[in-house]
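J.:
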Amino acid sequence: MPRENEARDILDKVAKQVQPIMRNRGWKVNLLSEFWPSNPALLGLNVNGGQEVKLRLRRQNNQWDFFPYEQILDTMLHELCHNQYGPHNAHFYNLLDEIRKECEQLMAKGITGTGQGFDLRGKRLGGFTRQPPLSSLRQKALAAAETRVQRGPSGPKRLGGDSSLRAVLTPIQAAAMAAERRLHDDLWCSSQVEGTSVLPDIISCGGESTPVSNDEKEEEAAANASWQCGACTLLNKPLSLTCEACETQRIDVKNANANTKMWPCKFCTLQNPVAKERCLACGEWKYSYGPPTATRGPYPGT
Numbered sequence: 001m002p003r004e005n006e007a008r009d010i011l012d013k014v015a016k017q018v019q020p021i022m023r024n025r026g027w028k029v030n031l032l033s034e035f036w037p038s039n040p041a042l043l044g045l046n047v048n049g050g051q052e053v054k055l056r057l058r059r060q061n062n063q064w065d066f067f068p069y070e071q072i073l074d075t076m077l078h079e080l081c082h083n084q085y086g087p088h089n090a091h092f093y094n095l096l097d098e099i100r101k102e103c104e105q106l107m108a109k110g111i112t113g114t115g116q117g118f119d120l121r122g123k124r125l126g127g128f129t130r131q132p133p134l135s136s137l138r139q140k141a142l143a144a145a146e147t148r149v150q151r152g153p154s155g156p157k158r159l160g161g162d163s164s165l166r167a168v169l170t171p172i173q174a175a176a177m178a179a180e181r182r183l184h185d186d187l188w189c190s191s192q193v194e195g196t197s198v199l200p201d202i203i204s205c206g207g208e209s210t211p212v213s214n215d216e217k218e219e220e221a222a223a224n225a226s227w228q229c230g231a232c233t234l235l236n237k238p239l240s241l242t243c244e245a246c247e248t249q250r251i252d253v254k255n256a257n258a259n260t261k262m263w264p265c266k267f268c269t270l271q272n273p274v275a276k277e278r279c280l281a282c283g284e285w286k287y288s289y290g291p292p293t294a295t296r297g298p299y300p301g302t
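Anchor point for the sequence shown: position 278 equals 278 in full-length UniProt numbering, and the numbering is continuous, going up by one each time.
Spelled out as structure tokens, the structure:
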């Protein structure tokens, strides 16, 4: 691909910037590489929890045009969170907001790492250990604040857990925003875990191989149909025991216990499993005193 040296410099710069964050949390990335997938919505990929992280650096319609560095760095931070959490749930976004804030503080102070092996001691840009000028810190802090404003709800604020958001969002809006954020990230981020297998057309039993008939294939396909999460409505893979988005345990509708209990979040109204201490959408504690569950208002008439 064209401009390979520039692409390598971008990856090196990203690696150096996130190295202090990785070192503090004991995260490892064996290989950081560029990829240019056919799916234009796919921006990043974390394979097997840090075995390899792939970043899209170039725009889909022009290999010569790179994305802004800040966008690539933010994608890297997102993919690093998959080292600890697989699905895009409340725990994932809390961690992402935390390391975004930490990264902004490091950038404001001019602190970076060496990028060599992702496990060496960090140093300041230019090799200096003195504090940067105060005017420079103010400019960088202002730039970081403007970036946070431009990001809006998808930026480093905690969904459902920030007091400023609670003042402007209705419970239904908060739940919708959390669901929209998960859906958006599921489109552009595709973390993978190796070991997925496909059922063959030949079933071996007792040392003999018997071809599977069309009727049996249809029954097998029906049995392996995707299932819908009762908490967030996500369609999950047939063999998944928990929801990939909210980690809600799969419930067999045919054999479900009639006494299965759920509790409504007082802030965003999501129905959560009784075993969960915090809301899967906004992270609110289930015993907190938040706004009451949304109800119908008085009939306004015609």
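Glycine included, every Cβ here is placed at the ideal spot set by N, Cα and C.
(1) Please report the straight-line C-alpha distance between Asn236 and Gly110, rounded to a whole angstrom.
(2) Are the C-beta of Ala7 and some C-beta of chain D separated by less than 9 Å?
(3) Looking only at its own chain, which residues have a Cβ that is under 6 Å from the Cβ of Ala7, when we skip the five neighbours before and after it?
(4) Tell me whether residue 309 sits in a helix, a strand or coil according to DSSP, three-state version.
(5) Excluding the 5 residues flanking Pro1 on each side, which residues of the same chain have their C-beta closer than 6 Å to its C-beta?
(6) Restricting to Cα atoms, I'd like to know which of Phe67, Pro68, Asp65 and Glu102 is closest to Gln77.
(7) Hey, out of Leu55, Pro238, Gly49 and Gly26, whose CA is closest to Lys13's CA?
(8) I need the straight-line Cα distance from Ser288 to Ala275, nearest angstrom please.
(9) Determine the DSSP secondary structure at Leu280, reduced to helix, strand or coil.
(10) Does Thr75 pass the burial test, meaning 16 or more other C-beta atoms within 10 Å, or should it be called exposed?
(11) Please state the DSSP three-state secondary structure of Glu4.
T.: Well, looking at it:
(1) 43 Å
(2) No chain D appears in the structure shown, which is made up of a single protein chain.
(3) Glu34 and Leu57
(4) Residue 309 is absent from the model: the chain starts at 1 and stops at 302.
(5) Looking at the sequence provided, one finds Met at residue 1 rather than Pro. Gln63, listed in sequence order.
(6) Residue identity check: residue 77 is Leu in the sequence provided, not Gln. Ranking the options by Cα distance to Leu77, first place goes to Glu102.
(7) Leu55
(8) 16 Å
(9) coil
(10) Burial call: buried.
(11) Three-state DSSP puts Glu4 in a helix.
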